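There are 2 protein chains.
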Amino acid sequence: MAANILLVEDEPAIQELIAANLGRAGHHVVRAGDAETAQRIVREALPDLVLLDWMLPGMSGIELARRLRADERTRTIPIIMLTARGEEQDKVAGLEMGADDYITKPFSPRELVARIKAVLRRRAPQATEDPVVLGGLSLDPATHRVAAGERPVTLGPTEFRLLHFLMTHPERVHSRAQLLDQVWGDHVFVEERTVDVHVRRLRAALEPVGHDGLIQTVRGSGYRLSAQPAVAGV
Amino acid sequence: MAANILLVEDEPAIQELIAANLGRAGHHVVRAGDAETAQRIVREALPDLVLLDWMLPGMSGIELARRLRADERTRTIPIIMLTARGEEQDKVAGLEMGADDYITKPFSPRELVARIKAVLRRRAPQATEDPVVLGGLSLDPATHRVAAGERPVTLGPTEFRLLHFLMTHPERVHSRAQLLDQVWGDHVFVEERTVDVHVRRLRAALEPVGHDGLIQTVRGSGYRLSAQPAVAGV
DNA sequence: CAGGAAATTGACGATTTTGTGACAGGTCAC
DNA sequence: GTGACCTGTCACAAAATCGTCAATTTCCTG
Chain D
1 MAANILLVED
11 EPAIQELIAA
21 NLGRAGHHVV
31 RAGDAETAQR
41 IVREALPDLV
51 LLDWMLPGMS
61 GIELARRLRA
71 DERTRTIPII
81 MLTARGEEQD
91 KVAGLEMGAD
101 DYITKPFSPR
111 ELVARIKAVL
121 RRRAPQATED
131 PVVLGGLSLD
141 PATHRVAAGE
151 RPVTLGPTEF
161 RLLHFLMTHP
171 ERVHSRAQLL
181 DQVWGDHVFV
191 EERTVDVHVR
201 RLRAALEPVG
211 HDGLIQTVRG
221 SGYRLSAQPA
231 VAGV
Chain E
235 MAANILLVED
245 EPAIQELIAA
255 NLGRAGHHVV
265 RAGDAETAQR
275 IVREALPDLV
285 LLDWMLPGMS
295 GIELARRLRA
305 DERTRTIPII
315 MLTARGEEQD
325 KVAGLEMGAD
335 DYITKPFSPR
345 ELVARIKAVL
355 RRRAPQATED
365 PVVLGGLSLD
375 PATHRVAAGE
385 RPVTLGPTEF
395 RLLHFLMTHP
405 ERVHSRAQLL
415 DQVWGDHVFV
425 EERTVDVHVR
435 RLRAALEPVG
445 HDGLIQTVRG
455 SGYRLSAQPA
465 VAGV
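As given, the protein sequences belong to chains D and E, one line each in that order. FYI, the numbering for the first sequence is 1 to 234, going by the working numbering. FYI, the numbering for the second sequence is 235 to 468, going by the working numbering.
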C-alpha cells in the first residue's frame, strides 16, 4: 500500500502539490528537479515507482526512461509519466519506452493516486497463499480462515498475520524486534511490548480450542510456536 | 492458457497470418472482418479477449471499443488494439477508451502471443455462461436471473456481476482492489469504498430471501462469499 | 529466600475500518 | 422530454481493532 515514490518534476509548485497529495495518501516521496539527479537517486534508493514529468530541463524524461529500462537493476521499476494535454506523440513514445501508464495534466489528485495504486498492484508479487497446517491447527490465507480441527477461530488482522508468520516459521525463537519487522513491517514505530499483548490475544483465542502451549515464551529472547510441548527439563 | 480470442481485422492476409499464429499458440480464434460483425459475435460468444484492428471499414475500432465498454456484459473483456506505425493519436485515444494494451504493426508473432498472455494473466478466467448454484441461491448468466429457491431476486447490473464473480469464486477473500479489477475492470478508476456500497446493496437484496450471512466481511482484507457461517456460535 | 528483571494481564482511549443513508448525475426506454 | 433506474461519492454513525500503560505475576540469580 504505502510505497517509496520518486517524483521527477522541475516545476516547484507542481512538485509541491503532487508531493503533498502523495504524502497524504501514505506514500513516501523523494523529489528530483532534473533527470540527472533522478537517475542518481533511482540508482541509490531503488524506489518502488517513478513519477516522471516528460518536460524536463537538460535530459528529457524520455531519455531517463530509456536509461532506466536499459539498466538491469532499474528495469522493473514502474514508471508513470506526467504529460501536458496535447503532447500525444510523447505519450506514445513513452509507452513504447516502457512507461507503465501516463496521466495528463491537469489531473485530479485522486486519479493520480488511483493510477499509482493500480500500477503497483500489477507489480506486486502474489503473497504466499498456501494453507498452513500444523499440529491440528490450520490457517488458510486465501479464505482467511483459521480452524482448530473443526472449530473455527476468530482473529483480528494483526493476530492473523502474527499467527501466519509463526506457523510458517515454527520451532524457532523470534525476538520481539523480528516479529515487529515481519508482522508489522519494518517501518512501523510501535513499542516492543505490543508484541506481548498480541501474543496474549492470540493465546486467548487459541486456548478455548485446546491449543494451549502452542506459543511458548522464551524468557529473554522472544516467542516460539511449536507443536512440541514446552519441556521443563530433559 | 488457451483462450477464446476474437480477431477483428479487415485485411484477409493479415487476418490469416495472425489467426495461424494464435492457433499455433493454442488459442481458439474467431474472426470478424468489420466492427458490426465483431459486435454481434462478442455479444454471442463472449470471448476472453478481443484483438482489434483500429482501421476498419464502417464503424471504427475506437467506436467498437467504446460500445464494448459501455455494455455491462462485455465491459470487462480485455481489448488489445492493433495499430499501424504512425497512428499515434489513435493509440492514445484507444488507451483512453479502455483498451488494455496496444501493439504496433508490424509485430512478431512471439510478441503478440506474449502480450496476450500478459493481459490474460491480469485477469481471472472469464466467468462462464453456466448457471451457478450455491447454497440455495442460483444465478444464471444466460437469462440474467437470480433466484433464492423459488423467489426471484432483483439486482442491478453491477450487483449482478459482483454476485456472479463472488459465486464463481466462493470461500476466497477478495480485496476491494481485486473486486474492482475483476468486476469493474482494471481500467476503471473508482473509489475502493464503492465496493462497500455495492456489497451493501447486494446484501440488502439478498436478505429478504433469507441469505443473510452469505457475504461476509473480513476486516482489513475484503469480502468473502461463503455458504459456511463466518463464526460458529457457541 | 529476596531482589529485580521479564512477562502477563486487564483496562482504556485513540485510531482505523466498515455500515448506512442521502444525493447529484447519467442512461435508457417510453 | 421525462420518469424510472443505476452509479459513484460523500459524510456520518457504528464497530472493531490497536497500541499503551500500570498493576501483577512469574521466573531467574545470587
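The C-beta atom is built at its ideal place from N, Cα and C for all residues, glycine as well. All of these numbers come straight from a predicted model, not from anything done at the bench.
(request) Compare the C-beta of D/H144 against all C-beta atoms of chain E and say whether one is closer than 8 Å. (result) yes
(request) State yes or no: is the C-beta of D/A45 within less than 8 Å of the C-beta of D/A38? (result) no
(request) Could you name each continuous alpha helix (DSSP H) segment of 4 residues or more that falls completely within the region 5–47 of chain D, going from the start of the chain to the end? (result) 12–24, 35–45
(message) Tell me which residues share the same chain as D/D101 and place their Cβ nearer than 7 Å to its Cβ, disregarding the 5 neighbours each side in the sequence.
(response) I80, R115, V119
(request) Could you name each continuous beta strand (DSSP E) segment of 3 residues or more that falls completely within the region 128–171 of chain D, going from the start of the chain to the end? (result) 132–134, 137–140, 145–148, 151–153
(request) Using alpha carbons as the reference points, say which of E/G260, E/L251, E/V276, E/L413 lies closest to E/V431. (result) E/L413
(request) Run the CB neighbour count on D/L17, radius 10 Å, all protein chains shown included, and call it buried at 16 or more, exposed below. (result) exposed
(message) My output table needs one value for D/H174: the three-state DSSP class, helix, strand or coil.
(response) strand
(request) Specify the secondary structure class of D/R75 as computed by DSSP and reduced to three states. (result) coil
(request) Flag D/E111 as yes if its beta-carbon sits less than 8 Å from any beta-carbon of chain E, otherwise no. (result) yes
(message) Nearest by alpha-carbon distance to E/A333: which of E/P343, E/T428, E/L256, E/V422 is it?
(response) E/V422
(message) Measuring straight from C-alpha to C-alpha, what distance separates E/A247 and E/L373?
(response) 42 Å
(request) Could you say which of D/R172, D/V146, D/V183, D/G23 lies nearest to D/R161 if we only look at CA atoms? (result) D/V183
(message) Looking at the secondary structure, which residues open and close the beta strand (DSSP E) in which E/L302 lies?
(response) No beta strand (DSSP E) holds E/L302; the alpha helix (DSSP H) holding it covers 295–304.
(request) Would you please verify whether the beta carbon of E/G467 is less than 8 Å from any beta carbon of chain D? (result) For E/G467, the predicted model reports a pLDDT of 43, less than 50, meaning its position is unreliable; a value from the coordinates is still stated below. No, no contact with chain D.
(request) For D/R121, go through chain E and note every residue whose CB falls closer than 7 Å to its CB, in chain order. (result) A411
(message) Please list the terminal residues of the continuous alpha helix (DSSP H) segment that includes E/L436.
(response) 427–440
(request) Establish whether the CB of E/F399 and some CB of chain D are separated by less than 8 Å. (result) no
(request) Would you kindly report the start and end of the unbroken beta strand (DSSP E) that includes D/R222? (result) Looking at the sequence shown, residue 222 of chain D is not Arg but Gly. It spans 222–225 - the beta strand (DSSP E) in which D/G222 sits, taken as one unbroken run.
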